[in-house]
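Inspection log for the structure reproduced underneath, given as structure tokens.
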Amino acid sequence: MYNKGLFKDWVPKPVMLLLILAYLFPILIVGGIYTANFREMMSDLAMYSEYLSFANYASFIGMGTALPLLLRFKMRFRSKELMITSLSTIALCSVVIATTDSPYVIIFSNFVIGFFKIIAIIEFVLPLLHILSPDGDRTKFYTIFYPLSITTAQLSTYLFAKIAYNLEWESVYLVMAIIMLILVLVSVIFMHNLRFSRKLPLYQIDMLSMLLFVTSFFLLTYVLVFAKQQDWFASPYIQGSSVGFIITFALLLWRQKGVKRPFVPLTIFKKKNFIQGVTLLMGLGMLLASATIQNTFTVGILGLNSVTNNLLNYAMVPGLVIGAIYARKWYAKRLPTKFLIISGMVFYTLHFVMMYFLISPNVDVYYLIIPSILRGMGMVILFISIWFYTLDGFDMAETLAVASLAIVIRSMVSVAFAGAIYSWIFYKLQLQGLENIAHHLDAISLSPYRGGGLAVYGRSRLQAVLTASKALYGYTIIASMLLIIYTLMLRFEKTHYRRIILIRKLIKGESIKGYNHSARKATVQSISDSAGAVAV
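Following this note's numbering, the numbering of the sequence shown begins with 40 at its first residue and continues without gaps.
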């Protein structure tokens, strides 16, 4: 009989908890592209950065593809079989990435890693959900799991940068492959052979819908990643991929009407929180993609190496912890989720404001610590609150479908779209900066400068990057404020028309005698809660 756990009965419970943590941390940080050694990998393979960005996004498409299938996999296979297969496949793909120079092999390997990574994560998320939130309150789980996962990812980037800096970038993949194989051995020894439920067949999976899902998002990823390199819609490849995405995604939605077990149930598009959650996830992508501005500034202007640059991720950890505690207290007091989302956006906007005034060629790296803390607070609050709101009110089958689309939109579509916009604006601002500087070069003599015109060009280019970064932060501040205003305009809860009447009478000072006392009390309480949320 299934014991609702992962390990054999003879394993003591404290050891079970240690084993869960021993599995969870490596699985959370393993991947196909590690941002810490992105530049080293790109230069060593002599490969366009767009291919590696495409590969990174392919892993999130793999996660989104696997999510709707998780319940059927859980019914068909034992946990031990799922873990051994997933970890072995991830280890194999890591070795493949470390030994190949083909961008297409790297992209496919990343997709496979993402597919099997989410299967392995869910095996340990389920017992953690029961441990951290036995009463089923998802907010308790989110306020612990998201800070844990984001903190682990931030700390691992510095470790990977250190390994790549002292050895080679391939060493990171080989180390992770060895760790995955060690976990396979642990699975063989400690995990039980019991089934979750009766055995279900796999032939009922709608393979055509899954193929359309993968194809449509791969085409969209190509458009968003290669748009700038291919000169946007002047390229026939971008045009063809855009049309292909529209057609394949429309076919995916059309097919869901005629199948008994849809891959993505169309009922989720009728839920207001899903539609509004998607728009908020797109806004979150804009905030997350702003990290490229900071990386351009720290590497291109301050000249920090990859190790020192990734050390700034340590500064985000206090912000992640503070933000998690903030969100936990917020939900404990049952304050509106809407204003929690807005508060996260405010913290992110403060980060942008500080970075705007810190843009300088001589700024000390320690001045970037406080903006990094604010960034960590905003990031973890938005991850928790928007994800909770988007997935709220769905049954099990719908939740997996919503999570599938949400994880692709949050981690691929929104970030890639915002990154493409940032890249295009930065390019235009840099050209404008060089043009403005060039107007004044005719009035000076270049002979006194050591190196002549080339030295002046180098300094001019540096100044253009500096002004472009500052201007881009300014535009991001404006966009963040517009996002806050948009969120304020959204209606998260159902409209209580009786309360609207009471609010209007209270504001005008009219008598509310004769109205239901409980409704009046709820109205006054909602007003005070909203006021308290705004004050925070």
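Ideal Cβ positions, reconstructed from N, Cα and C, are used throughout, including at glycine. Given the structure is predicted, the values throughout are model-derived calculations rather than measurements.
How many angstroms separate the CA atom of Trp49 from the CA atom of Pro357? 39 angstroms
So, under 8 angstroms CB-CB, Ile157 and Cys132 are touching, yes? Tell me the CB distance rounded to an integer number of Å. About 14 angstroms separates the two Cβ atoms, so there is no contact after all.
Taking 9 angstroms as the cut-off, decide whether the C-beta atoms of Met416 and Phe386 are in contact. yes
Contact check, Val223 vs Met122, beta carbons under 9 angstroms: yes
Per DSSP, which residues does Phe592 bridge with? Please list them. With the chain covering only 40 through 575, there is no way to say anything about residue 592.
Residue range of the unbroken alpha helix (DSSP H) whose run includes Phe391: 376-397
Please go through the same chain and pick out, in chain order, the residues whose beta-carbon is closer than 6 angstroms to the beta-carbon of Gly101, but skip the five residues on each side of it. Phe150, Gly153, Phe154
Simplified DSSP state of Met86, which is helix, strand or coil: coil
Delimiting residues of the alpha helix (DSSP H) encompassing Trp271: Counting along the chain, Trp271 falls outside any alpha helix (DSSP H), and DSSP gives it neither H nor E.
Quick check on the DSSP output: the alpha helix (DSSP H) that includes Ile420 runs from which residue to which? 408-429
Do the segment 137-146 and the segment 166-176 make contact, defined as three or more Cβ pairs closer than 8 angstroms? no
Quick one: grab the DSSP three-state call for Gln193. helix
Using a 10 Å radius around the Cβ and a threshold of 16 neighbouring Cβ atoms, would you call Asn232 buried or exposed? exposed
Backbone CA spacing between Gly571 and Leu527 [nearest angstrom]: A caution first: Gly571 carries a pLDDT of 34, below 50, which makes its placement in the model unreliable, though a value can still be read off. Looking at the two C-alpha atoms, the distance is approximately 15 angstroms.
Compute the Euclidean distance between the alpha carbons of Leu413 and Val419, then round it to the nearest angstrom. 10 angstroms
Under the rule that 16 or more other beta-carbon atoms within 10 Å means buried, what is Ser82, buried or exposed? exposed
Which of helix, strand or coil DSSP assigns to Ser125: helix
Asp568 versus Ile524 - alpha carbon distance: Residue placement at Asp568 is flagged as unreliable, the pLDDT there being 36, under the threshold of 50; the coordinate-derived value follows with that caveat. Spanning the two alpha carbons is a distance of roughly 19 angstroms.
Buried or exposed, going by whether 16 or more other CB atoms sit within 10 Å of the CB of Pro51? exposed
Whose C-beta lies closer than 8 angstroms to the C-beta of Gln295 among residues of the same chain, with five residues either side of it excluded? Ser248, Pro301, Phe302, Val303, Pro304, Leu305
Cβ-Cβ separation, Glu162 to Ser118 (assumed contact under 8 angstroms), whole Å: 6 angstroms
Excluding the 5 residues preceding and the 5 following Val69 in the sequence, name in chain order all residues of the same chain whose CB lies nearer than 8 angstroms to its CB. Ile129, Ser133, Ile152, Lys156, Met215, Ile218, Met219
Would you call the segment 322-333 and the segment 282-292 touching, i.e. three or more CB-CB distances under 8 angstroms? no
Contact the segment 392-406 vs the segment 506-517: 3+ CB pairs below 8 angstroms: yes
Considering only their Cβ atoms, is the gap separating Ala363 from Pro186 smaller than 9 angstroms? yes
Distance, Val454 Cα to Trp369 Cα: 27 angstroms
Any idea if Ser382 is buried or exposed, counting beta-carbon neighbours within 10 angstroms, 16 or more meaning buried? buried
Just to confirm before moving on: does the CB-CB distance between Ser411 and Thr104 stay below 9 angstroms? no
Using only alpha-carbon positions, find the residue among Ile460, Leu250, Gly283 that is nearest to Thr331. Ile460
Taking DSSP as the reference, what is the three-state secondary structure of Gly316? helix
Buried or exposed, going by whether 16 or more other CB atoms sit within 10 Å of the CB of Met40? For Met40, the pLDDT reaches just 38, beneath the cut-off of 50, and the residue's location in the model is therefore unreliable, leaving the point undetermined.
For Val402, collect the residues of the same chain with a Cβ closer than 8 angstroms to its Cβ; drop the 5 residues on either side in sequence, then sort them by chain order. Leu341
Considering only C-alpha positions, which residue in the set Ser424, Arg498, Ile448 is nearest to Lys179? Ser424
Within the chosen definition, does the segment 426-435 reach the segment 460-476 through at least 3 CB pairs nearer than 8 angstroms? no
For the putative contact between Leu165 and Phe184, defined by C-beta atoms under 8 angstroms, what is the C-beta separation to the nearest angstrom? Not confirmed; about 12 angstroms, so no contact.
Using CA coordinates, which residue listed in Lys467, Phe77, Phe396, Leu60 is at the minimum distance from Val225? Leu60
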